[in-house]
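Have a look at the structure below before the remarks.
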Amino acid sequence: MTAKPLYLDHAATTPLLPEARVALLDGFARWANPSSPHAHGRAARAALEDARDRIKAALGWTGELIFTSGASEALALAISRCAKPLGAVSAVEHEAVLRLVGQAPHWPVAPGSGLVEGVGEGVEGLVGIQHVNNETGVIQPLDRLAGELRAAGGWLLADCAQSAGKLVLPDADMIAISAHKFGGPIGTGALLVRDWAMLRPTGGQERGYRAGTENLPGALAMAAALEAGSGWLADAIKLRGQLEARLAEAGAGIVAAETHRLATIGAYRMPGRAAQAQLIRLDGMGIAVSAGSACSSGSLKSSHVLTAMQQDGAGEVIRVSLGRETTADDIDRFVAAWKEVAAR
Amino acid sequence: MIYLDNQATTPLAPEAREAMLPWLAGPESSGFANPHSAHRPGRIAAAAVEIAREKVAALLPPGGRVVFTSGATEALNLAILGCGAGRIAISAIEHAAVSEPALHRDPAACVLPVDEAGLVDGEAPLPDGIGLVCVMQVNNEIGTVQPVERLAARARAAGALFLCDAVQGAGKLAPPEGADMIAVSAHKLYGPKGIGALWLRDGLDLEPLMRGGGQEGGLRSGTLSPALCAGFGAAAELALRRQTEDEAHLRALWDAARAALPGFRLNGSADQRWPGNLNMRRDGLDVARLMSDLRTIAFSAGSACASGSGKPSHVLRAIGLSDKKARSSIRLGFGRYTRMSEVLEACTQISAAADAQQEFGVSGYD
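In the order they appear, the protein sequences are chains D and U. The opening position of the first sequence corresponds to residue 192 in the working numbering, with each subsequent residue numbered one higher. The opening position of the second sequence corresponds to residue 2 in the working numbering, with each subsequent residue numbered one higher.
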């Protein structure tokens with residue numbers, strides 16, 4: 192008998208919200224090319240611009256918004272076409288940033304807390320620091336860092352893939368977001384940019400900043416997902432508190448326990464048990480969690496994030512990420528399973 | 002509303018929409034997982050992506066692999082910027098998604114001319130030291146079918162790679178033989194927007210544009226959408242199954258429209274042409290006015306991307322039309338779901354509106 196699946200990997204992707212599905216299906220019916228000048232095309236264009244305005248309003252963003260295929264593309268666009276050279280990145284960025292940065296300095300994070308403590312070399316360029324870490328949930332103090340950066344003449348690029356739709360966006364100059372992390376569809380993201388002059392255009396759609404036929408259904412669904420709001424996070428905070436109290440009691444190490452973290456992402460160490468072994472056991476019990484990011488799953492490399500934080504037993508840490516529909520029963524079931532894996 | 006702009010985009014096939022729905026599920030099912038996750042729902046999503054990949058691969062030649070992208074523009078950029086070629090040759094009628102990255106990489110790119118029929122000469126000289134030749138399979142504005150097999154063979158003989166933009170031909174014609182890279186787009190073959198693919202001949206490697214999680218063999222980072230992949234796969238499968246039937250339908254529409262608009266002259270070859278495209282001109286016609294007169298018919302005066310720019314078409318200029326003649330040209334794009342009655346109705350209206358313009362005196366014969 193297979194147990195009912197329990198999905199606790201919402202940081203990898205989270206289910207499409209019903210509101211977003213309705214918007215997506217509506218978008219499929221409005222299939223004209225938004226760049227066509229005929230009435231169908233103009234209607235699609237109007238819907239696209241409306242979606243753009245709604246997304247900006249929901250995010251409280253007053254700058255510009257460029258639709259992309261996701262956060263990876265948004266980050267690549269920002270880094271490759273910024274009017275300033277890349278100055279630095281934090282050591283705990285997602286691979287979508289780290290693999291683009293070449294020789295740029297990596298700012299360290301404090302052991303244990305995982306926080307970037309201050310600005311460093313390269314501060315006068317574009318500096319990439321994520322808002323919320325995808326493996327640990329650690330929230331970087333971006334509003335303070337942005338002030339220090341700007342004082343030195345730099346610009347902040349914030350990877351907000353994990354925080355958009357959950358937290359108020361940071362005071363950054365460019366922000367990358369991904370719809371499928373907040374209940375929108377996979378395949379849609381955006382780069383928010385304070386001012387067009389911060390980027391070099393290349394021609395094509397999106398005012399010359401992103402060529403390719405616009406994905407109107409994706410944009411409509413992204414807007415609908417953001418408008419669904421984040422009221423559920425209050426419950427997630429309580430559930431996460433219960434989860435961590437019980438895991439700690441059972442002997443788990445809570446990564447960055449004392450740091451301000453997003454309520455939906457936590458990283459937990461099971462001393463003496465390799466993360467891959469934990470994952471396989473839990474998967475067999477129908478529980479979907481991960482070790483690090485989805486992209487790196489399956490690889491046996493230890494996490495660069497945990498290494499940068501000087502986390503003990505980095506190879507024994509798994510990520511548990513909660514979603515809108517996670518219940519207290521789910522937490523009970525996970526804790527019981529965790530204890531069972533720990534016991535033998 | 003009569004939609005005659007199927008080169009700009011095509012309606013989503015019901016079959017493609019249906020194939021996407023299981024992957025747009027909520028928490029009640031596991032059809033939402035990240036296909037790069039190692040757990041069971043992730044592996045199920047990954048399997049859906051691989052099934053879709055096989056269906057898309059069926060549109061393309063054997064001996065290569067399919068890399069999913071966000072669309073043809075990204076696929077073409079990845080091919081051109083990632084293949085390492087320094088000297089590039091492109092045809093004079095390539096889409097901006099080819100010409101812009103090609104000119105970015107090689108500002109002195111060699112431009113292969115086309116003749117009055119809109120065909121690239123298969124024997125056109127290729128410059129020494131050429132690294133990449135890019136010629137589209139079917140032109141998006143005038144529908145001409147290019148001699149890509151011959152050009153691919155010549156590129157190879159010259160030691161160059163051959164990239165074919167098959168956006169308008171994929172699923173409609175047999176894939177170009179001998180190409181090293183082929184770009185396709187789902188939304189031009191009745192699939193969803195937001196997904197395309199680059200086919201790469203086995204053994205060829207590229208420098209990625211987007212780095213990160215290392216998906217698609219490291220060639221294209223970013224979470225893949227199982228829904229978009231499944232929709233693309235279903236659309237590809239359907240296109241292949243209906244290829245003969247679809248083409249016969251378009252041929253009938255093309256013949257009917259051509260007969261119903263006797264005052265118009267054809268732009269581009271009549272026989273080396275995809276019948277989904279009818280691009281014509283009528284001397285003195287004010288196309289902007291025609292479009293505003295005929296608000297219930299969706300047609301175009303060139304590519305969607307260039308519409309509204311006010312610039313005359315580079316394709317029509319390349320086949321030797323003056324700016325004035327180019328500006329008196331219209332593009333009718335037929336598709337699988339276009340009905341004969343719609344085409345006849347549209348032609349009646351276009352004909353009447355064009356006659357009225359001339360009756361009430363519009364200057365501009367040239």
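Think of the CB as a built atom: it goes at the ideal place given N, C-alpha and C, for glycine as much as any other residue. Computed from a prediction, not measured in an experiment: that's the story for all the values here.
Chain D contact for L267 of chain U (CB, 7 angstroms cutoff): No, because no Cβ of chain D sits closer than 7 angstroms to the Cβ of L267 of chain U.
Pair within 7 angstroms by beta-carbon distance, S314 of chain U and A327 of chain U: Result yes, Cβ atoms of S314 of chain U and A327 of chain U sit closer than 7 angstroms.
Backbone CA spacing between S329 of chain U and L322 of chain U [nearest angstrom]: In this structure, the alpha-carbon of S329 of chain U lies about 10 angstroms from that of L322 of chain U.
Length-filtered (3 minimum) beta strand (DSSP E) runs lying within the stretch 158-216 of chain U: As summarised for the stretch 158-216 of chain U, the continuous beta strand (DSSP E) elements at least 3 residues long and confined to that stretch are 162-166, 182-186, 197-202, given in chain order.
Where D200 of chain D meets chain U, residues with beta-carbon distance less than 7 angstroms: Under the 7 angstroms cutoff, chain U gives S38, H40.
The stretch 288-299 of chain D touching the stretch 239-251 of chain U, judged by at least three CB pairs closer than 8 angstroms: Segment contact: the stretch 288-299 of chain D against the stretch 239-251 of chain U, fewer than three CB-CB distances shorter than 8 angstroms; contact not assigned.
Cβ pair A466 of chain D, E435 of chain D closer than 7 angstroms: Against a cut-off of 7 angstroms, the Cβ pair of E435 of chain D and A466 of chain D comes out as no contact.
Neighbour list for P209 of chain D in chain U, Cβ cutoff strictly below 9 angstroms: Those are G27, listed as they occur along chain U.
First and last residue of the uninterrupted beta strand (DSSP E) at L256 of chain D: First-last of the beta strand (DSSP E) with L256 of chain D: 255-259.
Exposed unless 16 or more other CB atoms sit within 10 angstroms - verdict on H451 of chain D: Result: exposed.
Local conformation of D474 of chain D per DSSP, three classes: It is helical.
Where W298 of chain D falls: helix, strand or coil (DSSP): In the structure shown, W298 of chain D falls within a strand segment according to DSSP collapsed to helix, strand and coil.
Beta-carbon contacts of I522 of chain D that lie in its chain and below 7 angstroms, excluding the five residues immediately before and after: Excluding residues within five positions, the ones whose Cβ falls inside 7 angstroms are L430, Q433, L434.
From D:T518, D:A533, D:W529, residue whose alpha carbon lies closest to that of A28 of chain U: In the sequence as displayed, the identity of residue 28 of chain U is Pro instead of Ala. When only C-alpha atoms are compared, the closest one is D:T518.
Status (buried if at least 16 other CB within 10 Å, exposed otherwise) for D367 of chain U: Note that D367 of chain U scores a pLDDT of 44, beneath 50, so its modelled location is shaky; the value from the coordinates is reported in the next line. Residue environment: D367 of chain U is assigned as exposed (fewer than 16 neighbouring CB atoms within 10 Å of its CB, all protein chains considered).
E516 of chain D - DSSP class collapsed to helix/strand/coil: Coil.
Proximity of A416 of chain D and G475 of chain D at Cβ, strictly below 7 angstroms: The answer is no: Cβ separation not under 7 angstroms.
Paired residues, beta bridge with Y4 of chain U - DSSP: Answer is U:A299.
Members of the stretch 213-232 of chain D near chain U, C-beta cut-off 9 angstroms: From the stretch 213-232 of chain D, only L215, L216, G218, F219, A220, W222, A223, N224, P225, S226, S227, P228, H229, A230, H231, G232 have a Cβ closer than 9 angstroms to chain U.
Short-range partners of chain U found in the stretch 396-415 of chain D, where Cβ spacing is below 8 angstroms: The residues in question are Q396, A402, G403, T404, E405, N406, L407, P408, G409.
Boundaries of the beta strand (DSSP E) in which S271 of chain D is found, first to last residue: It is not in any beta strand (DSSP E) - S271 of chain D instead sits in the alpha helix (DSSP H) that spans 262-272.
Expected contact under 8 angstroms - CB spacing of M365 of chain D and L383 of chain D to nearest Å: With 8 angstroms as the limit, M365 of chain D and L383 of chain D qualify as a contact, their Cβ atoms being about 7 angstroms apart.
Beta-ladder partner(s) of T145 of chain U, from DSSP: By DSSP's assignment, T145 of chain U forms a beta bridge with U:R274.
Any non-hydrogen atom of the ligand ADP closer than 6 angstroms to D247 of chain U Cβ: For the ligand ADP, the structure offers nothing, since it holds no ligand at all.
V496 of chain D versus D:L239, D:P302, D:I257, residue with shortest Cα-Cα distance: Measuring from the Cα of V496 of chain D, the nearest candidate turns out to be D:P302.
Beta carbon proximity, D284 of chain U to chain D, threshold 7 angstroms: With respect to chain D, the C-beta atom of D284 of chain U has no partner C-beta closer than 7 angstroms.
Nearest candidate by alpha-carbon position, reference A26 of chain U, set D:L333, D:A269, D:H371: Nearest of D:L333, D:A269, D:H371 to A26 of chain U, Cα basis: D:H371.
Within 7 angstroms, strictly: CB atoms of S226 of chain U and R212 of chain U: Not a contact, by the Cβ cut-off of 7 angstroms.
Chain A contact residues for D181 of chain U, given Cβ-Cβ distances below 7 angstroms: No chain A is present in this structure, whose protein chains are D and U.
Chain-ordered chain U contacts of P376 of chain D [CB-CB under 9 angstroms]: Result: L25, G195, S226, A228, L229.
Interface residues of the stretch 361-390 of chain D facing chain U [CB-CB below 8 angstroms]: Residues of the stretch 361-390 of chain D that bring their beta carbon within less than 8 angstroms of a beta carbon in chain U comprise S369, H371, P376, I377, G378, T379, in sequence order.
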